[in-house]
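K.L.:
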Ligand code: GLN
């Protein structure tokens, strides 16, 4: 059987009919995967253990998992040297659900250390290269997830994670589809925290259908995560077949102003017109809080990461050493000084500073108040519109040589279009709409909390 260019759907149909020879399939799959990994640095760990085929909705389907999600008996490092060699004794809830449906974990994808980045250049292991142009980034922090999806022409879905845009950015830069659900829609149990009030597990795939399918399997309440939502999980597959007649779309002006590339704006506008021709209506709108999203996001994310990462002290997980340290602080500093990367250290230091007594009101509490304003801004828009549409990223995937020149602040500013919806915890999807200079452009579709169906319907109608 020829598996090249086979869709996930066809693979699963064949698999469930008993037509797939799994030895043959996985031989072909790992051959391709290894070639791609060698060329583009996509995986931190490959899991070549003979797959245990089990019936279910995902029977025999290869899944790659972002390295910040715990996988039983498979090394999980969250992209950090401080967790090198850590093999969790348990599966994250999302992984349990995927395995329960017969999904096969083929490896852990490369990422920025603890999710700290937009271009997957803050990696302690490999820096993934964009399969569409090796001189460019795959985006981040789930760079490996975007890259592997773009590189493989075999049935596969990538499970990824977003704190401030880490699913949307790589999807836009690699020409893949990335869905980030509402905060709480998917259990975070077993997800290594970056910033716990922002982190969300989601999926990257070749099609809207693939990510909608994955989302349905991993969503739902989990007693092990009290922030997971109780809402019933809708049938996302049904949302694929709906038409968009009468759907109201808002076009946030600020998001176009922040998009530096005129050609990207034009491409997105062409697609908005396309949506109009399919029966949707659109109107420009404003999101006045856009100017506050970067400072609010980075203060909150850094404050949270500075406390969440305190558990990596060289005593419980991963790196530990015989040192001549005489007390805990000395030992802790030695281990963290040695094993954490520069960007992660920067964020721990800035986050700790912003939480200190005396500064807390000025920074952290203020950022939390601004976050409420940002949420209200979106809520107001969703009273009028079903979805908001904009470019996903302000530019196409940048070249590594240009990323090197960015200051940390310029690096953070690249997230201007994605951190707002992530702060608000609303669902979003990035779909590839057209190429510009041979590189893909992503369109971002946002909806109100728990309205994933709307973004799936709209995204599916645009597929080119
Ligand atoms: N680029 C953002 C950051 O560096 C978001 C990363 C993420 O979503 N994990 O924080």
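In this note's numbering, the protein residues as written are 4 to 467.
Think of the CB as a built atom: it goes at the ideal place given N, C-alpha and C, for glycine as much as any other residue.
1) Measure the alpha-carbon distance for residue 219 versus residue 12 and round it to whole angstroms.
2) Quick check: the Cα distance between residue 380 and residue 334, rounded to an integer number of angstroms?
3) May I ask whether a heavy atom of the ligand GLN can be found less than 8 Å away from the beta carbon of residue 304?
4) Are there any heavy atoms of the ligand GLN lying less than 8 Å away from the beta-carbon of residue 425, as far as the coordinates show?
5) When you get a sec, list the residues whose CB is within less than 6 Å of any heavy atom of the ligand GLN, chain order please.
6) Quick one, which of 225, 290, 453 and 300 has its alpha-carbon nearest residue 253's?
7) Are residue 171 and residue 144 close, meaning C-beta to C-beta below 9 Å?
8) Residue 447 lies in the beta strand (DSSP E); which residues open and close that run?
9) How is the beta strand (DSSP E) around residue 69 delimited, first residue to last?
10) Assign residue 288 to one of three DSSP states: helix, strand, or coil.
11) Beta-carbon within less than 8 Å of residue 275's beta-carbon, same chain only, minus the 5 sequence neighbours each way: which residues are those?
12) Whose CA, out of 223, 240 and 239, lies closest to the CA of residue 232?
13) Nearest by alpha-carbon distance to residue 431: which of 451, 162 and 258 is it?
14) Express the C-alpha separation of residue 179 and residue 208 in angstroms, rounding to a whole number.
15) Please list, in chain order, all residues of the same chain as residue 299 whose beta carbon is under 7 Å from its beta carbon, the five residues on each side excluded.
16) For residue 83 and residue 248, I'd like the C-alpha separation in whole angstroms.
17) Report buried or exposed for residue 467, applying the criterion of at least 16 other Cβ atoms within 10 angstroms of its Cβ.
18) Just how far apart, CA to CA, sit residue 341 and residue 60?
19) Of all the beta strand (DSSP E) runs that stay within the bounds of the stretch 75–144, which reach a length of 3 or more residues?
20) Hey, how far is the Cα of residue 211 from the Cα of residue 234?
21) Could I get the ranges of all uninterrupted alpha helix (DSSP H) runs contained in the stretch 386–412, with 4 residues as the minimum, in chain order?
22) Measuring CB to CB, does residue 104 end up less than 9 Å from residue 148?
23) Hey, residue 288 and residue 384: beta-carbon distance below 9 Å or not?
P.N.:
The structure says:
1) 15 Å
2) 46 Å
3) yes
4) yes
5) Result (chain order): 118, 119, 120, 121, 144, 165, 166, 167, 168, 169, 197, 304 and 418.
6) 290
7) no
8) 442–450
9) 65–69
10) strand
11) 252, 254, 285 and 392
12) In terms of Cα proximity to residue 232, the closest of 223, 240 and 239 is 223.
13) Of the listed residues, the one whose Cα sits closest to residue 431 is 451.
14) 6 Å
15) 370, 373, 374, 377 and 426
16) Residue 83 and residue 248 have their alpha carbons spaced roughly 47 Å apart.
17) Note that residue 467 scores a pLDDT of 47, beneath 50, so its modelled location is shaky and nothing firm can be said.
18) Spanning the two alpha carbons is a distance of roughly 44 Å.
19) 107–112 and 136–140
20) Spanning the two alpha carbons is a distance of roughly 22 Å.
21) Listed in chain order, the complete alpha helix (DSSP H) runs (minimum 4 residues) inside the stretch 386–412 are 403–406.
22) no
23) yes
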